[in-house]
Amino acid sequence: MSKRSADAMPSASKKRKTDKGPKFYAVRCGWQPGVYDSYDKCSTQTTGFKGAIFKSFTSRKDAEDFVAGKKVETPSDEPTRYYAVAVGRSTGIFTDWAEAEPHIKGASKPKYKKFNSYAEAVEFIKENGDRDAVEALGETFDPSPPPPPPALALPVQVEAPSKRARVSRGGKAEPGTVPRSDILQVWTDGSSRANGRKDASAGIGVYFGPNDPRNLAERLEGEAQTNQRAELTAMLRAMEMVPNEQSMMIWSDSRYSINCVNTWAETWETKEWKTATGGEVKNKDIIVKIRAKVKERGKAGAVTLLEWVKGHGMNVGNNAADRLANEGALKSLPITFDTNDTNDTSQASSQSSTNGGF
1 MSKRSADAMP SASKKRKTDK GPKFYAVRCG WQPGVYDSYD KCSTQTTGFK GAIFKSFTSR
61 KDAEDFVAGK KVETPSDEPT RYYAVAVGRS TGIFTDWAEA EPHIKGASKP KYKKFNSYAE
121 AVEFIKENGD RDAVEALGET FDPSPPPPPP ALALPVQVEA PSKRARVSRG GKAEPGTVPR
181 SDILQVWTDG SSRANGRKDA SAGIGVYFGP NDPRNLAERL EGEAQTNQRA ELTAMLRAME
241 MVPNEQSMMI WSDSRYSINC VNTWAETWET KEWKTATGGE VKNKDIIVKI RAKVKERGKA
301 GAVTLLEWVK GHGMNVGNNA ADRLANEGAL KSLPITFDTN DTNDTSQASS QSSTNGGF
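Below, the structure written as structure tokens:
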């Protein structure tokens, strides 16, 4: 990455050009995508959201087209500038410095730069942002694979849960309602090789601890072999492997998965599982199963926490779950047979035996 020069961004004191007429703020990627009539409302939907994408327009139709993912032409005499924030209070690509600045100011070691094209801005974030920042843009996070933990027998350092951790026990409560020593720590992760392509292969990883026989590396089932689906499935598998009476904390580096279960699902349920743009919520089937499992565990007296951990860092548990997920992605999909077809019963038995009992 080239060193940021003094003129990479405009001065905060530079006077903004006065725009005539009303503005419409289109949020393509944020807490609640849609079109807003003020920057304050737009900011509420983007601040704190990794990889937020939004832009202002003078036409509501252009704003709606932008939210829908359509290409919106800009006047040739008004070239668009793209401000890419790879590391900041929140990340994303902005088309106005005044909109980008709040996401940088006060952040620890921010990384940002101005570009003349959206593609260049995306590449900057892919090179300098973390997984959340990259995947929020709809891109594949594909860093150089970190080396596996030298010895999984090393003791795992458990991080203290943040104040924002959420619990379901027939409701929500702050951590601390159960003695910490009684909460089982589990790390989950999902991986997808060639994520977003037809030939993608995804895997899930569940890590309980060094040399724990429950540690799991498994191929994601089904046609949709996406990273986000693998992340959610890993959470569900972790809950299925732990007795309902046992309180547990699931550590995941997927803010998407945690937000799906703890925050967004509540809104989606009231809107018949439709997004702000009227589309179907992706991965609804797994999200519903996870929430049902959390409620089931709550009725048994257990607390289930979902907590975020920074991925690809120094956390041994997260790194181990990542390694297991990558192993799972390399496995073959399980062979299934239609047990209702009696004509193929003997053939299925023969194939199952030949292939090692899949």
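Numbered according to UniProt numbering, the sequence shown spans residues 1 to 358. Even glycine gets a Cβ: it sits at the ideal position worked out from N, Cα and C.
{"query": "Alpha carbon of N215 to alpha carbon of A63, nearest angstrom", "result": "47 Å"}
{"query": "Burial state of Y256, where buried means 16 or more other Cβ atoms lie within 10 Å", "result": "buried"}
{"query": "Chain-order list of residues whose beta-carbon lies under 8 Å from that of P10 (same chain, five-residue window excluded)", "result": "Confidence at P10 is low in this model, with a pLDDT of 44, below 50, so the placement of that residue should be treated as unreliable; the coordinate-derived value is given next. Result list for P10: W97, K114, in chain order."}
{"query": "The alpha helix (DSSP H) enclosing E218, as first and last residue numbers", "result": "Unbroken run through E218 is the beta strand (DSSP E), 216–219; no alpha helix (DSSP H)."}
{"query": "Contact under 8 Å by Cβ, T95 with S59", "result": "no"}
{"query": "Beta-carbon proximity list for A238, same chain, < 7 Å, skipping 5 on both sides", "result": "V186, T188, V206, I250"}
{"query": "For W268, three-class secondary structure by DSSP", "result": "helix"}
{"query": "Ranges of the beta strand (DSSP E) found wholly within the UniProt domain \"RNase H type-1\" (180–330), counting only runs of at least 3", "result": "184–193, 201–207, 216–219, 248–252, 304–308"}
{"query": "Any non-hydrogen atom of the ligand HEM within 7 Å of A217 CB", "result": "Annotation note on the ligand HEM: not contained in the displayed structure, which lists no ligands."}
{"query": "Residue interval of the alpha helix (DSSP H) (run including V72)", "result": "No alpha helix (DSSP H) contains V72, which DSSP labels as neither H nor E."}
{"query": "Exposed unless 16 or more other CB atoms sit within 10 angstroms - verdict on L152", "result": "For L152, the predicted model reports a pLDDT of 29, less than 50, meaning its position is unreliable and no value from the coordinates is stated."}
{"query": "Length of the line joining the Cα atoms of P110 and K23", "result": "28 Å"}
{"query": "Same chain, Cβ closer than 7 Å to A86, five either side skipped, listed in chain order", "result": "K111, Y112, F124, I125, N128, G129, A133"}
{"query": "Counted within 10 angstroms of its Cβ, other Cβ atoms place R229 as buried (16 or more) or exposed", "result": "buried"}
{"query": "C-alpha distance - A224 paired with E135, whole-angstrom precision", "result": "16 Å"}
{"query": "Neighbourhood of S117 by C-beta, 8 Å cutoff - its chain only, sequence neighbours within 5 removed", "result": "Y82"}
{"query": "I287 versus A265: straight-line alpha-carbon distance, rounded", "result": "8 Å"}
{"query": "Residue of D65, G92, A217 minimising C-alpha distance to residue 441", "result": "Residue coverage of the chain in this structure runs from 1 to 358, which leaves residue 441 outside it and unanswerable."}
{"query": "Element boundaries [alpha helix (DSSP H), containing R60]", "result": "60–67"}
{"query": "Assigned secondary structure, I104 (DSSP; H/G/I helix, E/B strand, else coil)", "result": "coil"}
{"query": "E99 and Y39 closer than 8 Å at C-beta", "result": "yes"}
{"query": "Pairwise C-alpha distance: I53 and V303", "result": "35 Å"}
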